[in-house]
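These notes are about the structure you will find just below.
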Amino acid sequence: MTVAPEDDFAAAEFALGTLSPGERATLSARRLREPDLDAAIRAWEERLAPLAEAAPPIEPPGDHLAAIEARIRAALPPATAPSPDAAVVALRRSMTRWKAGAIAASVLAALLAVGLVAREMTRQASPREYVAILQKDAASPAIEVTVDLDKRELRVRPVAAQAPPGKAYELWIIDAKLGAPRSLGVIGAEGRSTSISAYEPAVVEGATYAVTVEPPSGSPDGRPSGPPVFVGKLIPVGP
Amino acid sequence: MSNGGEATGGEGGDSGLVDLLRRVAARDEAAFAALYRQTSAKLYGVVARILSKGDAGAEALQEAYVRIWEKAGDFDPAKGSPLAWMATIARNRALDEVRRVRPASLEDMPEGFEPAASPIDPLASRERSEALAALLDCLGRLDDEKRSAVLLAYYHGASREALAKRFGRPVPTIKTWLHRSLAQLRDCLAS
Numbered sequence: 001m002t003v004a005p006e007d008d009f010a011a012a013e014f015a016l017g018t019l020s021p022g023e024r025a026t027l028s029a030r031r032l033r034e035p036d037l038d039a040a041i042r043a044w045e046e047r048l049a050p051l052a053e054a055a056p057p058i059e060p061p062g063d064h065l066a067a068i069e070a071r072i073r074a075a076l077p078p079a080t081a082p083s084p085d086a087a088v089v090a091l092r093r094s095m096t097r098w099k100a101g102a103i104a105a106s107v108l109a110a111l112l113a114v115g116l117v118a119r120e121m122t123r124q125a126s127p128r129e130y131v132a133i134l135q136k137d138a139a140s141p142a143i144e145v146t147v148d149l150d151k152r153e154l155r156v157r158p159v160a161a162q163a164p165p166g167k168a169y170e171l172w173i174i175d176a177k178l179g180a181p182r183s184l185g186v187i188g189a190e191g192r193s194t195s196i197s198a199y200e201p202a203v204v205e206g207a208t209y210a211v212t213v214e215p216p217s218g219s220p221d222g223r224p225s226g227p228p229v230f231v232g233k234l235i236p237v238g239p
Numbered sequence: 240m241s242n243g244g245e246a247t248g249g250e251g252g253d254s255g256l257v258d259l260l261r262r263v264a265a266r267d268e269a270a271f272a273a274l275y276r277q278t279s280a281k282l283y284g285v286v287a288r289i290l291s292k293g294d295a296g297a298e299a300l301q302e303a304y305v306r307i308w309e310k311a312g313d314f315d316p317a318k319g320s321p322l323a324w325m326a327t328i329a330r331n332r333a334l335d336e337v338r339r340v341r342p343a344s345l346e347d348m349p350e351g352f353e354p355a356a357s358p359i360d361p362l363a364s365r366e367r368s369e370a371l372a373a374l375l376d377c378l379g380r381l382d383d384e385k386r387s388a389v390l391l392a393y394y395h396g397a398s399r400e401a402l403a404k405r406f407g408r409p410v411p412t413i414k415t416w417l418h419r420s421l422a423q424l425r426d427c428l429a430s
């Protein structure tokens with residue numbers, strides 16, 4: 001394993017957890033196509049991992065096993081549904097291609113810039129603005145969601161994310177108070193704005209936002225037809 | 240159904256967990272449930288110290304177990320203990336959450352946290368591996384403040400900015416501290 005000393009420090013700080021959000025995201029993207037860097041990060045994780053083992057246990061609030069099992073089942077292709085898994089497989093393939101491409105770091109840097117710029121722009125604009133970057137992980141393409149609670153408006157747009165051919169991305173709002181996921185509509189390549197006046201502000205703020213791959217006109221039965229490919233939560237960007 | 244703190248601390252043992260992970264890799268749901276029962280308090284201990292606010296800790300715990308289910312086949316017993324492998328997954332979920340693209344929050348550092356109380360589990364001695372003993376020995380050779388900085392970062396997800404505030408030093412100094420401390424740890428562990 002040979003990495004430059006500064007990369008080994010970056011790997012060490014990645015494992016320790018002290019990289020800035022931008023540095024962490026950049027390193028997450030680089031490790032996908034730099035095996036030596038990936039090995040350096042793993043080596044540091046292994047050096048420090050005994051500390052995690054030594055941490056005293058804390059009983060989790062409530063039993064999460066059922067919820068975890070439900071999430072695992074949701075991530076598996078449903079046996080009876082009309083083969084939404086084809087779309088997911090296609091998307092995974094396109095993700096793999098995307099990862100294999102040499103654009104990971106530059107796209108990610110642009111993505112981060114977008115998020116930061118959006119935050120700077122909205123900071124003066126309204127104290128009740130929120131942004132979410134929906135991602136599978138820090139190295140994947142993303143969907144950006146911004147919410148203006150005063151205007152009751154939600155804007156969504158893809159950032160370096162493209163639905164598989166013949167498919168569309170559909171946005172969902174998920175919250176325990178709502179029961180089943182509610183559709184916020186098909187996203188489209190240019191993104192769109194939609195009203196969220198039907199939802200209580202507290203629900204909008206606390207909800208999980210998820211994107212699934214659907215037929216071009218959206219889910220046929222009003223329910224997600226496959227597992228989410230992007231998820232995220234809103235972060236306040238107001239002062 | 241109950242899995243008390245003490246029970247989860249040392250139950251199972253490495254070989255038991257290795258076997259469970261192997262069965263989980265083969266999609267054995269009963270083994271997964273058993274794995275959760277034996278390790279959830281340990282992993283929650285890791286994520287909850289980093290994500291102390293709201294439900295984020297529980298969310299990260301769930302995500303970590305989904306990932307453990309997906310990745311169980313990647314676990315290599317030659318490279319470390321099963322608990323260390325799972326804890327690293329859980330910790331990375333928690334770090335991804337606190338280091339989401341947004342300004343680092345100084346409030347993330349709990350008030351009044353005493354570095355002296357860094358959470359080394361006194362009851363975990365029976366599962367203290369040689370690796371932990373070596374790491375603790377090497378950590379013990381760092382200056383007090385630098386050791387505290389490393390432990391605050393590791394256990395509580397403290398950012399450079401939070402450490403700078405806590406120790407009253409500029410961020411570049413903290414970065415230098417961390418680099419020196421980590422290099423010292425690496426060399427000490429290799430010797």
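Quick mapping for you: the protein sequence lines, in order, are chains A and B. Under the working numbering, the first residue of the first sequence is numbered 1, with each subsequent residue one higher. Under the working numbering, the first residue of the second sequence is numbered 240, with each subsequent residue one higher. From the three backbone atoms N, C-alpha and C, an ideal C-beta is built for every residue, glycine too.
Assuming residue i and residue j make a contact with CB atoms under 8 Å, what is their CB distance in whole Å?
i         : j         : result
Ala299(B) : Ala323(B) : With 8 Å as the limit, Ala299(B) and Ala323(B) do not qualify as a contact, their Cβ atoms being about 17 Å apart.
Ala132(A) : Tyr209(A) : 6 Å
Arg157(A) : Glu144(A) : 6 Å
Asp46(A)  : Gly255(B) : Sequence inspection shows Glu at residue 46(A); the Asp mentioned does not correspond to that position. In fact, because the Cβ distance is near 21 Å, the residues do not count as touching under 8 Å.
Pro220(A) : Ala168(A) : 12 Å between Cβ atoms; not a contact.
Ala388(B) : Leu417(B) : 7 Å
Pro201(A) : Leu134(A) : Actually they do not touch by this definition, with Cβ atoms about 20 Å apart.
Leu381(B) : Gln423(B) : 6 Å
Tyr275(B) : Leu184(A) : Not really, about 33 Å apart at Cβ, beyond 8 Å.
Taking a contact to mean a Cβ-Cβ separation below 7 Å, would you say residue i touches residue j in this structure?
i         : j         : result
Val3(A)   : Leu27(A)  : no
Leu421(B) : Cys377(B) : no
Ala311(B) : Val263(B) : yes
Ala329(B) : Leu374(B) : no
Arg71(A)  : Val305(B) : yes
Gly296(B) : Ala303(B) : no
Arg419(B) : Val410(B) : no
Ala280(B) : Glu59(A)  : yes
Leu19(A)  : Ala392(B) : no
Ala403(B) : Ile413(B) : yes
Arg33(A)  : Ile41(A)  : no
Gly284(B) : Ala55(A)  : yes
Val159(A) : Ala180(A) : no
Ile68(A)  : Gln301(B) : yes
Ala52(A)  : Ala326(B) : yes
Val203(A) : Lys177(A) : yes
Arg338(B) : Pro21(A)  : yes
Gly218(A) : Val186(A) : yes
Once the 5 residues before and after residue i are set aside, which same chain residues still bring their CB inside 7 Å of it?
i         : result
Glu384(B) : Phe406
Ala207(A) : Ile173, Ile174, Asp175
Arg182(A) : Trp172, Ile173
Arg386(B) : Leu378
Asp253(B) : Ser320, Pro321
Once you ignore the five residues that flank residue i on each side, which residues in its own chain have a CB closer than 6 Å to its CB?
i         : result
Thr212(A) : Glu170, Pro224, Gly226, Pro228
Leu154(A) : Val147, Thr194, Ile196
Leu260(B) : Ala311, Phe314, Pro321
Thr80(A)  : Its pLDDT being 40, under 50, Thr80(A) is placed unreliably by the model, and the measurement read from it follows with that caveat. Once the five neighbours on either side are set aside, Thr80(A) has no close Cβ partner at all.
Ala110(A) : For Ala110(A), the pLDDT reaches just 43, beneath the cut-off of 50, and the residue's location in the model is therefore unreliable, although a value from the coordinates is still provided. Closer than 6 Å at Cβ, skipping near neighbours: no residue.
Ala75(A)  : Pro227
Say the cut is 6 Å; is the CB of residue i nearer than that to a heavy atom of the ligand GTP?
i         : result
Asp382(B) : This structure does not include the ligand GTP; it has no bound ligands of any sort.
Tell me which same chain residues have a C-beta within less than 8 Å of the C-beta of residue i, skipping the five on either side of it?
i         : result
Glu13(A)  : Leu19, Glu23
Glu353(B) : With a pLDDT of only 37 at Glu353(B), under the threshold of 50, the placement of this residue in the model should not be trusted; the figure read from the coordinates follows. Excluding residues within five positions, none has a Cβ falling inside 8 Å.
Ala11(A)  : Val3, Leu27, Leu37, Ala40, Ile41, Ala43, Trp44
### Query
Which residues, in chain order, does the stretch 307–341 of chain B contribute to contact with chain A at a C-beta distance below 7 Å?
Considering only beta carbons, the part of the stretch 307–341 of chain B lying closer than 7 Å to chain A consists of Trp308, Lys318, Gly319, Ser320, Leu322, Ala323, Ala326, Thr327, Arg330, Leu334, Asp335, Arg338, Arg339, Val340, Arg341, in chain order.
### Message
Quick check for students: name the residue ranges of the beta strand (DSSP E) that lie wholly in the stretch 158–220 of chain A, counting only runs of 3 or more.
### Response
Whole beta strand (DSSP E) segments, 3+ residues: 168–174, 182–186, 192–195, 208–214.
### Task
Just list the alpha helix (DSSP H) runs in the stretch 5–48 of chain A, keeping only unbroken ones of 4 residues or longer that don't cross its boundaries, in chain order.
Here the runs fully enclosed are 5–16, 21–33.
### Query
Closer than 8 Å, Cβ to any Cβ of chain A: which residues of the stretch 262–285 of chain B, in chain order?
In summary, the residues of the stretch 262–285 of chain B whose CB is separated from some CB of chain A by less than 8 Å are Glu268, Phe271, Ala272, Tyr275, Arg276, Ser279, Ala280, Lys281, Tyr283, Gly284, Val285, in the order they occur in the chain.
#### Entry: Ordered list of alpha helix (DSSP H) runs contained in the stretch 291–316 of chain B, each at least 4 residues
Those alpha helix (DSSP H) runs which fall completely within the stretch 291–316 of chain B and span 4+ residues are 295–310.
### Query
Mind pulling the alpha helix (DSSP H) runs of 4 or more residues that sit fully within the stretch 374–417 of chain B?
Uninterrupted alpha helix (DSSP H) stretches at least 4 residues long and entirely within the stretch 374–417 of chain B occur at 383–395, 399–406, given in chain order.
### Query
Using Cβ-Cβ distances below 9 Å, what residues of the stretch 57–68 of chain A are close to chain B?
Answer set for the stretch 57–68 of chain A: Pro57, Ile58, Glu59, Pro60, Pro61, Gly62, Asp63, His64, Leu65, Ala67, Ile68.
### Query
Taking a cut of 7 Å between CB atoms, which residues from the stretch 190–211 of chain A lie near chain B?
Answer in chain order: no residues at all.
### Residues, ordered as in the chain, of the stretch 6–21 of chain A that lie near chain B by beta-carbon distance below 9 Å
Listed in sequence order: Asp8, Phe9, Ala12, Glu13, Phe14, Ala15, Leu16, Gly17, Thr18, Leu19, Ser20, Pro21.
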